[in-house]
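The listed protein sequences derive, respectively, from chains C and X.
Counting from 2, one number per residue, gives the positions in the first sequence under the working numbering.
Counting from 4, one number per residue, gives the positions in the second sequence under the working numbering.
The structure appears below as structure tokens.
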Amino acid sequence: MIAIVPSAAYSTLATLVQIVLVVLLGPLLIGFMAKVRARAEGRVGAPINQPLRDLRKLLSKERLHARHASVVLPFAPMVILAATSVAVAISPLVTTHPLLGSSADILVIVYLLLTGSVAAALAGLDAGTAFGGMGASRAMTIGALAEPALLVAVIALSIQSGTSNLPSMISTTLTHPNWVSGPSRLLALVALVIVVIAETGRLPVDNPSTHLELTMIHEAMILEYAGPELALVTLGASMRLGLLFSLIANLFFPWGIATSGSILGLLLGVAALVAKTALVAFGVSLIEIRSAKLRLFRLPELLAGGFVLSVLAVITGLVTR
Amino acid sequence: MALLLLGLGCCVLAAAAASALPRSWRVPASAGLGATGCALAFVAAMRVLVTGGVESFSTTRLLPMFGLTLSIDPLGALFIVATSFVGFAACIYCIGYARGELQSRTAMSLLMVFILTLLAVPVASSIVSLMFCWELMALSSMLLILTDQRHSRAARSAALWYGVMTQLGAASILFGLLLLTVHGGGQTFADIRLHSMALSSAVRSFAFFLALLGFASKAGAVPLHVWLPKAHPEAPSPVSALMSSSMVAMGVYGIIRVGGDLLHGGTVWWWVAVAAFGAVSALYGALHATTSTDIKRLLAYSTIDILGLVLIGVGAAGALYDTGHPGVAQLAMMAALLLVVAHAGFKGALFLGAGSIERSTGTRDLDQLGGLIHRMPFTAALFALSACSIMAVPTLSGFSSEWLLLQGLLHGFTDRSTPTLIMMLVGVVALALTGGLTAVAFVKAFGIGFLGQARSPGAANAVDVAPSMKIAMALLVIPSIVIGVVPGLLLPLINRAATTGLATAAPSPVERGTSLVLTQFRGTIEPAALFAGLVLVLLIVWAVNQRLAQRSARRVDAWSCGRDVQTPRMQYTATSFAEPLQRVFADVLRPQSDVEVTHVAESQYYEQSLMYQNRVSDALELHGYRPVIDAALRIGKSARRIQNGSIHRYLAFGFVALLLILVVLA
């Protein structure tokens, strides 16, 4: 394969497209999943762009801070958004040549996402309430079990490609299409789906629509947020969902992603990404419809299952290479 | 070398000043001299790292019979750089921190001796010099545990555990090193290096494993770690910082020196053992760190965790070197050494931060803290930054070094022999698992300790600490940022140390420049650009957020389920924060909890009081060491029966023993 390195201007444009796309795509995917659920339950459901409307509404509201909160409370949403945006910017979503794509290592992406989780958990503890602490504790526990599985599952793919750089992993997959159906990939896919469900707080791990205090995880952690800051936190969470869905789509079915430096390719890449993530979202919502929320202490079994699958994926990858 | 000797001389002078000067002058004078000594040693070691030479010094005047042999090479120099930096900060910290017992002659001079020996161990280049410095290091640090609170039971027990473990370790090291001289002749490292290949492989392996046991125990490798979570928390905080960031690193230094340098790499199984120690330690340490509620105990367990990762790197490097992959081996070794340096910075800062907390609140129990960010904002910011670094938040030092380690392990998969493959796999899994657990531990440490509301009067009335303590902490945060944002600047130096440790002359596996670019594999990160990106987005979001805000935020009560009162007791504590994980890993942690219910006299259905106790003690200590200690005590007790103090009986014993010897000899 001849490596075509597009110009810096193209990469910058592609990165901006990616950020804007994920800012819109994340909330829309959540709206889409809610719609699928509503239809399955025989309801009409809210329009797909409802999450975006909610964000706009929140942005115009008053800013409220809890009495004992420190500077962490207003600062955390910015950190969440910054870390997620940088992860989105450098990841190969619509093109394999985003700005700083050479630094888009799996460890960078995983730890940027972890930075977001850490900021959210600290914000949960900041106001000094029971719910914030409860949410932070549960979210960190789930994160501590899910992050390793995420890392190891992607490492299973990187052994095949001989690099942990995401754009290179995707372009080598494009040149070796038979890799996609290999046993190692399939095991890693199942592990990644489990992990992504946990990381994005979907059923059966967390119920995003619950507001019953004792069952909340993510919602309990961000309970003290209101107005524009709540909008930022929610946007960060939905961007994280958009990013993880896109990564699943691109790692296991990379076709459609722009590899050259043409604008047309970029547009095709955007269209392909929207279609692929919609498919992933549809799949995840099917899982959601068919499952009830697991008890908190049953979750480790699910996540450990995911972890074991990802380790198996690595071993299978090593044996079959 | 002259500069380094001058630095060591300064430390000796500092110790002398501490024991001679009156109380009012003592601390500033000796701390100043000690800091000067550290600065000189730092410059000397840096020069060796930059130029790559080896300088030696030897005298028979200071030690009887064999004399003192010192020699500084890039490997030792790297450890001196890390140690002297922390030592410098610890000296400055002492100016504000030293009060009461720590101001005494004994304490201050012992501290200076401790720093001196920490600087001397990596340059000691004969068995006698090494063991002399090693034992002095152990002895001075053991006594330092007792200076601050010698009447507390915990401190005395910690000192005893530490003393016994370190002596057993030292004996093991001494025996191992002596084995190497039996056939080779000389006791200097140069002699051993020259003759070690002539030894039979069984002798070399036996010697290495003996030395490994001793050094691994110093590095806090599980299951030889039991002393560490006792000794590090009980020592005064500057001493804890030195112990945790420098002294444990000496264990790593010893393993690399003996296995890689003196014995030229050995066999794969040596390094499998090292990496196995590492993997077990990393997981065990990380798990215990998440459940500890004593902040210094938490930090001590996290030291076990990080040193475990370092040992994984060293093990991987050794094994890959032996299987003929010097390039990847060097990468793994560089990762391990970078992690040692990074750890020295952030763990030093965290321990100094814990010391500041203890000084201003009077407790180190996280369940009693809270809200300190309002009382001591500067310390809180520095603590948060160091915690982020240890959690491997991108573009801080923990992240750069863990990335390098992952690359070493990942490309170690190119070797196809089963032991190495399993080792790399276990290494990757351990790295992944500890990442998540470390995040829990440090979110807990910062979130419970500094955020929320104060959980005790001590925390509510905390007074900010002296400026020198803040400056010292700030100094130790610098490496986190520098190694994080521009790691490439330091890597040529690390590479020089790694090549000394592995005895190769391979070119650096990482390109020159500010970022991390692998030369043989596709792997790059540009931390400076990532950092710029993060800052840029942060500024944009901040600006947007500012524009959106018409007015400053209104303060309201937190949501309390409709109740009126929200007391600090309703918050999550460190114990409750870690409870889910404690339950998940109950099989490893073996938590002990008791519920005691007292009923009202009239009816069984009403409770008068309820007491809940939850304790996570070290399961290995409880189930591994305790039985042995109890058995030894039992044997000792039964042996007392034959000793009744009567001189006739002892004479009879002597007579019988003499007869037996004669019979055996005949």
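Backbone N, C-alpha and C define an ideal beta-carbon position, used for all residues, glycine too.
Asked: Taking the continuous beta strand (DSSP E) assigned at residue 60 of chain X, which residues delimit it?; Found: 58 to 62
Asked: Would you say residue 160 of chain C faces chain X, with C-beta separation under 7 Å as the test?; Found: yes
Asked: Near residue 174 of chain C, which residues of its chain fall below 6 Å by C-beta distance, leaving aside the five closest residues on each side in sequence?; Found: 180, 255
Asked: Taking residue 87 of chain X as the reference, give the member of X/39, X/110, X/66, X/73 with the closest Cα.; Found: X/39
Asked: Can you round the beta-carbon distance between residue 599 of chain X and residue 229 of chain X to whole angstroms, since I take them to be within the 8 Å contact cut?; Found: With a Cβ gap of about 29 Å, residue 599 of chain X and residue 229 of chain X do not count as contacting.
Asked: Given that residue 402 of chain X touches chain C, what residues does it touch there, using C-beta distances under 9 Å?; Found: 108, 109, 112
Asked: Along the beta strand (DSSP E) that carries residue 645 of chain X, what are the first and last residues, could you check?; Found: Residue 645 of chain X -> no beta strand (DSSP E), and no H or E assigned at all.
Asked: Might you give, ordered along the chain, the residues of its own chain that have their beta carbon closer than 6 Å to the beta carbon of residue 295 of chain C, omitting 5 neighbours on each side?; Found: 205
Asked: For residue 248 of chain C, decide whether its Cβ has a neighbour in chain X, counting only Cβ atoms nearer than 7 Å.; Found: no
Asked: Could you compute how far the alpha carbon of residue 213 of chain C sits from the alpha carbon of residue 185 of chain C?; Found: 40 Å
Asked: Would residue 96 of chain C and residue 10 of chain C qualify as a contact pair, given that the criterion is a beta-carbon distance under 7 Å?; Found: no
Asked: If we ignore side chains and look at the alpha-carbon of each, how far apart do residue 399 of chain X and residue 116 of chain C end up?; Found: 12 Å
Asked: Roughly how many whole angstroms lie between the Cα atoms of residue 382 of chain X and residue 47 of chain C?; Found: 48 Å
Asked: What is the rounded straight-line gap between the Cα of residue 31 of chain X and the Cα of residue 367 of chain X?; Found: 26 Å
Asked: Tell me where the beta strand (DSSP E) around residue 15 of chain X begins and ends.; Found: Segment 5 to 23 is the alpha helix (DSSP H) holding residue 15 of chain X; no beta strand (DSSP E) there.
Asked: Let's test the definition: count the other Cβ atoms within 10 Å of the Cβ of residue 693 of chain X and tell me whether it reaches 16, buried, or not, exposed.; Found: Absent from the model: residue 693 of chain X. The displayed extent of chain X is 4 to 669, so no value can be given.
Asked: According to a CB-to-CB cut-off of less than 7 Å, which residues of the segment 518 to 548 of chain X neighbour chain C?; Found: 524, 525, 526, 527, 528, 529, 532, 533, 536, 537, 540, 541, 544, 545, 548
Asked: Determine the direct distance from the alpha carbon of residue 93 of chain C to that of residue 463 of chain X, and round the result to whole angstroms.; Found: 49 Å
Asked: Rounded to whole angstroms, what is the Cα-Cα separation between residue 3 of chain C and residue 168 of chain C?; Found: With a pLDDT of only 43 at residue 3 of chain C, under the threshold of 50, the placement of this residue in the model should not be trusted; the figure read from the coordinates follows. Their Cα atoms are separated by approximately 15 Å.
Asked: Does the beta carbon of residue 218 of chain C sit closer than 7 Å to a beta carbon anywhere in chain X?; Found: no
Asked: Could one say the Cβ of residue 93 of chain C lies closer than 7 Å to chain X's Cβ atoms, at least one of them?; Found: no
Asked: Any beta-carbon of chain C closer than 7 Å to the one on residue 92 of chain X?; Found: no
Asked: DSSP three-state label for residue 336 of chain X, please.; Found: helix
Asked: Does the structure place the segment 16 to 24 of chain C close enough to the segment 79 to 91 of chain C that three or more beta carbon pairs sit under 8 Å?; Found: yes
Asked: What first and last residue would you give for the alpha helix (DSSP H) that runs through residue 220 of chain C?; Found: 219 to 222
Asked: Can you list, in chain order, the residues of its chain with a C-beta nearer than 7 Å to that of residue 397 of chain X? Leave out the 5 residues immediately preceding and following it.; Found: 533
Asked: For residue 610 of chain X, which residues does DSSP report across the bridge?; Found: X/602
Asked: Would you identify the three-state DSSP class for residue 2 of chain C, choosing helix, strand or coil?; Found: With a pLDDT of only 38 at residue 2 of chain C, under 50, the local geometry of the prediction cannot be trusted, and the value read off the model is given with reservation. Three-state result, residue 2 of chain C: coil.
Asked: Can you name the residues that DSSP bridges to residue 68 of chain C?; Found: Beta-bridge pairing links residue 68 of chain C to no other residue.
Asked: Compute the Euclidean distance between the alpha carbons of residue 402 of chain X and residue 226 of chain X, then round it to the nearest angstrom.; Found: 27 Å
Asked: Between residue 690 of chain X and residue 47 of chain X, which are expected to be in contact by the criterion C-beta below 8 Å, what is the C-beta distance as a whole number of angstroms?; Found: This structure does not reach residue 690 of chain X, given that chain X is present from 4 up to 669, and the question cannot be answered.
Asked: Along chain X, which residues have their Cβ under 7 Å away from the Cβ of residue 135 of chain C?; Found: 575
Asked: Using 10 angstroms around the beta-carbon of residue 165 of chain X, count the other beta-carbons present and answer buried if the total reaches 16, otherwise exposed.; Found: buried
Asked: Using a Cβ-Cβ cut-off of less than 8 Å, give me the residues of the segment 154 to 165 of chain X that come near chain C, in sequence order.; Found: none
Asked: Quick check on DSSP: helix, strand or coil for residue 665 of chain X?; Found: helix
Asked: Report the option in X/578, X/414, X/44 whose CA atom is closest to the CA atom of residue 166 of chain C.; Found: X/414
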